[in-house]
Amino acid sequence: MPPAQSPVPTLIPGPIPDAVLRDVYSSDQDMYPVSLPYARLHAWVDACQDLSVCFHFDQGDNSLASSAAAGYADGGPGSGSGGRLAVGHGRDGAGSAAGGIVAGVVIVLPLRRPFWEDLLRGRVKEWEIEPRNMFAFPEQDSDDRHGRNGKSEGEEVGLHVYHIEKFGMWFRGQGNKRFSELALEEVMTRVQVRREWKIVGMSALTATPAGKMAFERLGFSTTGYKELFVAGGQGHDETTDKGPLEIVCVYPGDRMEPDRVAGRGVITSVSEMTAKSLTTPGID
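Here the sequence shown is numbered in the UniProt record's numbering, starting from 1 and rising by one per residue.
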């Protein structure tokens, strides 16, 4: 007789608590050391709260303990799916949100198409995104969304996945979906109610090989823009691997990516912009 399958605990999406957001910020700074103030990250989440989602398991779900005993999915607790799918960091998922155990988070930025396309090509850097004029917002006046023929004219929007992370306590269920698939499906479900938006694509800046593989699996491809983090310049201590890192940007069409960039030092990591076209050809 085959062994009984462990029940999958109930996964509940909700807003990201400030404590969890601060944890996300700290881990991002360790992995992707750019000068992004916490206030900017908080402003992104505040500006579009429905696309910043914390997933948690209901602590009252009796299936939680039995599923925990059965093990973890997507590589185990603290597994690094890496990158801007920036998963793991050794956490055990023991944090709580809305009375449940945190399973993971996703933060997506809805950019107006001109700014989104500039982001894909490196003309706008991720840390430069300003929600007040770069985000797409729901129109207050429905008349503003209609053209001369009276038909609705949706604003073209690109969805940039700033952060997606599963914590240690993640169980694969609902058709064996990975957390990345489930999280982005939840985002797209929420986006669909924004009838004033016309989604043209999605993007993500990947920072680890595992993250790149994850987004490739989701159908993303490189745009040609990369950020090289270079160590070994003035003030860098090679024995402790500490000191300032220089960011060298490589734009679409450039061929500069040697082991040493213009004699500045050793490349310690590479972040790569990826994108996926949803309705308009030529994005990816």
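Don't be surprised by glycine CBs; every beta carbon is placed ideally from N, CA and C. Please read all numbers here as calculations on a predicted model, not as lab measurements.
Around the C-beta of Pro9, 16 or more other C-beta atoms lie within 10 Å, and the residue is accordingly described as buried. In the displayed model, Glu227 falls within a strand according to three-state DSSP. Beyond the five residues adjoining it in sequence on each side, Trp127 comes within less than 8 Å, by CB distance, of Val34, Ser35, Leu36 and Arg40 in the same chain, given in chain order.
In the displayed model, Phe55 falls within a strand according to three-state DSSP. Less than 9 Å divides the Cβ of Asp28 from the Cβ of His163. Under the Cβ criterion (8 Å, minimum of three pairs), the stretch 104 to 118 counts as touching the stretch 195 to 204. For Glu196, the closest of Ser180, Phe137, Leu245 and Thr208 by C-alpha to C-alpha distance is Phe137.
Arg194 carries a coil assignment under DSSP once its states are collapsed to helix, strand and coil. In terms of CA proximity to Phe167, Ala183 leads the group Asp254, Ala207, Lys226 and Ala183. In this chain, Tyr25 is not harboured by any beta strand (DSSP E); it is covered by the alpha helix (DSSP H) spanning Asp18 to Met31. In the structure shown, Lys125 adopts coil according to DSSP, grouped into three states. Contact between Phe55 and Leu11 holds, since their C-beta atoms are separated by about 6 Å, short of 8 Å. If you draw a straight line from the Cα of Met31 to the Cα of Arg194, it comes to about 33 Å.
Cβ contact annotation for Glu216 (same chain, cutoff 8 Å, sequence separation greater than five): Thr274, in chain order. Apart from the 5 residues on each side of it in sequence, Ile247 sits with its Cβ closer than 8 Å to the Cβ of Val34, Glu227, Leu228, Phe229 and Val230 in its chain, given in chain order. Counting other Cβ atoms within 10 Å of its Cβ, Pro209 stays below 16 and is therefore classed as exposed.
For Ser180, the CB contacts under 7 Å within the same chain, skipping 5 residues up- and downstream, are Leu85, Ile164, Ala214 and Leu218 in chain order. A residue is called buried when at least 16 other Cβ atoms come within 10 angstroms of its Cβ; Thr206 meets this threshold and is buried. A direct Cα-to-Cα measurement between Glu155 and Asp118 gives close to 17 Å.
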